[in-house]
Every structure is written in C-alpha cells, then in structure tokens.
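**Q** Numbering (this note's numbering), first residue to last: 30 to 300.
In this text, a Cβ means the ideal position worked out from N, Cα and C, and glycines have one as well.
First the structure, then my questions, so here it is.
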Ligand SMILES: Nc1ncnc2c1ncn2[C@@H]1O[C@H](COP(=O)(O)OP(=O)(O)OP(=O)(O)O)[C@@H](O)[C@H]1O
Ligand SMILES: [Mg+2]
C-alpha cells in the first residue's frame, strides 16, 4: 500500500503557520485517488455486467422473434407447438435475466449484511450460461445450503464475475468449470471456490497476479472482456474489506482454483 510507505514527520515545527504539511496533503491526495480508482473499478464492473445482461437479453429476444415468425409462417400443429415451446422457454429465461438485474439493484448496500450467497452464485452463472456454452465449457455446481455470509451481495457478485471470466479465458478450447459453495463450521467461514481445467498459472507469476495492472492478456478478448490487470486486485481488496481471504492454487496444464472465504453472519438477533 502506498500509504504505508510514507512515514509521517514526527514534528511539524518547521512548517509555516497556516500551510498544510506537504505530507498530509500528499496523503489526502492519495486517498482521493484511491477512492476515485475504486469508483472507476465499480463503474467498469457495472459496465461489464450491463453489457453481459443486455447481450443475453438480446439473444433471448432474437429467439422469441424467430420462433414467432416460424409459427406464423407454418400452420401445421406440430411446428406451431414447437414454436410455442421455444417461445415459452425463451420468455422464462428473459424473466430470469430481469430478476437477476432486479436482484443486483436490491443488493446495493455497501455495508456487509447477512447474505445468502446461493442466489447470487446461480444468478451470476445464469448470466454467463450462454458465454460458457459458446466456449464449450461444462459448468458443474455444488451449492450447499448453509449459514449466510456477512457480505455485500453486489461486491461478491463483482468478485465472482471476475473469477468466472478469468476461468473462461483460461480455457480457450473448452474445459470444465466447478463452482462450489461450502460452509466451514469450525472456522466459521463460508467458502466459495471457482476451479477451472485451464492453462494454469506458472509458479513465478503467482506472487504477482493480485498486483494492480499485472496481466498476461493482450487486451480485451472478442467479447470485450479482460486485459486491464485490475480484476484480481479488485477481488482481493473487496474480500479483505469483508475481513475474508482469497486463496489460489494452480498447476500449469491442469488448472486453477480460487477460493474466497467469508465470515459467517452472526445468528439473528446478534447482528
Ligand atoms: N483462472 C486463471 N487461469 C489462468 N491464469 C489466470 C487465471 N486467473 C487469473 N490469471 C492470471 O492472472 C492475471 C491477472 O488477472 P486479472 O483478473 O487481475 O487481470 P486480467 O484478467 O488480465 O484483466 P482484467 O483486469 O480485465 O480482469 C491474468 O492476466 C492471468 O495471467
Ligand atoms: Mg480478469
């Protein structure tokens, strides 16, 4: 942290009266810049989310329009029945997408509160369902019922989105993605693991991946995602502000697993 590297002077007796101490001024400027950087990260995450959601919604609308046209062109019962079925399925998916967006709007609190992570995980996966299918990635989930975590839903969704997009980008030729939500009763933690069967991370790069701007990507991919090197540093900052932990295990050629561990929310009445 930049803040920690600048020691404050013990005394300010040489300072002219009425002039702010230059180090104090520098500290203030740095906190302003850090706040601004965090705001930009939040906006970028929101932009990515809106992009993904709009894209998904558009896909659903295209399906609905095409099958409605098919039903109108063909008068035989079998074709119309099929068209109605497709329209119904697509309409249900559209409802899921709007529910996920409304869910995000509801989880706006910036203070951690008792939060069930399961709907957040399922909604985020639902938004990325088509993207994963396009890249031939099989998604296996294990979302155990357990206590709620002390968390800001939106921020955890931002972290999860980052981890899932990284995992997808590590499997350009397809693979398997495992998402597991568990509860560690003894440690009083909720664990969320995202594991992929992708390229893996070389041991010499592992210490750098959480540093801001560290990236091995050449820029955004064809879906417009990745490449700034801010994803994991934002994840780490968010998880640490929750007093949680983020851990990584990786083997080159086999895959990578990120685990976030968040404190369990106190029982009702103690919050
Ligand atoms: N699941 C993963 N498999 C392999 N490498 C990964 C994985 N997740 C992260 N990395 C490595 O860590 C680097 C940093 O990741 P990070 O998410 O911070 O940035 P990025 O994905 O490059 O860009 P962005 O900020 O746009 O997300 C990546 O460039 C990549 O080299
Ligand atoms: Mg990333």
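1. Check residue 237 in the structure and name its three-state DSSP category.
2. Please determine, among 90, 52, 186, the residue with the shortest C-alpha to C-alpha distance to residue 122.
3. Looking at the secondary structure, which residues open and close the beta strand (DSSP E) in which residue 148 lies?
4. Alpha carbon to alpha carbon, what distance is there between residue 224 and residue 180?
5. Measuring only the C-alpha atoms, how far is residue 175 from residue 193?
6. Going residue by residue through the segment 172-217, where are the continuous beta strand (DSSP E) segments of at least 3 residues, counting only ones entirely within it?
7. Using 10 angstroms around the beta-carbon of residue 33, count the other beta-carbons present and answer buried if the total reaches 16, otherwise exposed.
8. Leaving aside the five residues before and after residue 339 along the sequence, list all residues of the same chain whose C-beta is less than 7 Å from its C-beta, in chain order.
9. Once you ignore the five residues that flank residue 242 on each side, which residues in its own chain have a CB closer than 6 Å to its CB?
10. If we count the other Cβ atoms within 10 Å of its Cβ and call it buried at 16 or more, is residue 113 buried or exposed?
11. Thinking just about the alpha-carbon of each residue, which of 142, 153, 110, 144 is nearest to the one in residue 125?
12. Quick check: is any heavy atom of ligand 3 less than 7 Å from the C-beta of residue 195?
13. Can you have a look at residue 58 and say buried or exposed, based on whether 16 or more other CB atoms are within 10 angstroms of its CB?
14. Would you tell me roughly how many angstroms separate the C-alpha atoms of residue 163 and residue 183, rounded to the nearest one?
15. Going by Cα to Cα distance, which pick from 283, 63, 295 is closest to residue 214?
16. Identify which residue in 202, 268, 96, 128 has its Cα closest to the Cα of residue 139.
17. Is residue 173 closer than 8 Å to residue 210 when the C-beta atoms are compared?
18. Kindly examine ligand 2 and report whether one of its heavy atoms sits closer than 7 Å to the Cβ of residue 284.
19. Using only alpha-carbon positions, find the residue among 254, 261, 293 that is nearest to residue 237.
20. So residue 245 is in the alpha helix (DSSP H); what residue range does that whole segment cover?
21. Tell me the rounded alpha-carbon separation between residue 70 and residue 105.
**A** In short:
1. One-based indexing of the chain shown puts residue 237 at position 208. Correct three-state label for residue 237: helix.
2. Against the chain shown, residue 122 aligns to sequence position 93. Comparing Cα positions, the closest option is 90.
3. Here residue 148 corresponds to residue number 119 of the chain shown, with the count starting at 1. First-last for residue 148: 146-156, but that is the alpha helix (DSSP H), not the beta strand (DSSP E).
4. For the purposes of this step, residue 180 is taken as residue 151 along the chain shown, with counting starting at 1. For the purposes of this step, residue 224 is taken as residue 195 along the chain shown, with counting starting at 1. Approximately 21 Å, taken between the alpha carbons.
5. In the chain shown, counting from the first residue as 1, residue 175 sits at position 146. In the chain shown, counting from the first residue as 1, residue 193 sits at position 164. When rounded, the distance between both Cα atoms is 22 Å.
6. 178-180, 204-213
7. Start at 1 with the first residue of the chain shown, and residue 33 comes out as number 4. Because residue 33 sits at a pLDDT of 38, beneath the cut-off of 50, its placement in the model cannot be relied upon, and the following sentence gives the value as read from the coordinates. Residue 33 should be labelled exposed.
8. Nothing in the structure corresponds to residue 339, since the chain is present only between 30 and 300.
9. As a working mapping, residue 242 is identified with position 213 in the chain shown. Here the set comprises 258.
10. As a position in the chain shown, residue 113 is number 84, starting the count at 1. When all chains shown are included, residue 113 counts as exposed.
11. Taking the first residue of the chain shown as 1, we reach residue 125 at position 96. When only C-alpha atoms are compared, the closest one is 153.
12. Absence of ligand 3 is noted for the structure shown, with ligand 1 and ligand 2 being the only ligands found.
13. As a working note, residue 58 is residue 29 in the chain shown. Answer is exposed; the Cβ neighbour count stays below 16.
14. Reading the chain shown from its first residue, position 134 is the one you call residue 163. Reading the chain shown from its first residue, position 154 is the one you call residue 183. Distance between the alpha carbons of residue 163 and residue 183: 26 Å.
15. Here residue 214 corresponds to residue number 185 of the chain shown, with the count starting at 1. Selected option, being the one with the closest Cα: 295.
16. For the purposes of this step, residue 139 is taken as the residue at position 110 of the chain shown. That would be 268, whose Cα lies nearest to the Cα of residue 139.
17. Taking the chain shown and counting its residues from 1, one reaches residue 210 at position 181. Taking the chain shown and counting its residues from 1, one reaches residue 173 at position 144. For residue 210 and residue 173, yes; Cβs fall inside 8 Å.
18. Stepping through the chain shown from its first residue, residue 284 is reached at position 255. Outside the cutoff, so no.
19. Counting from one through the chain shown, the residue named residue 237 turns up at place 208. Closest by alpha carbon: 261.
20. Residue mapping note: residue 245 aligns to position 216 of the chain shown, counting from 1. Taken as a continuous stretch (DSSP letters only), residue 245 belongs to no alpha helix (DSSP H), as it is neither H nor E.
21. Here residue 70 is taken as the residue at index 41 of the chain shown, counted from 1. Here residue 105 is taken as the residue at index 76 of the chain shown, counted from 1. Rounded to the nearest angstrom, the two C-alpha atoms are 53 Å apart.
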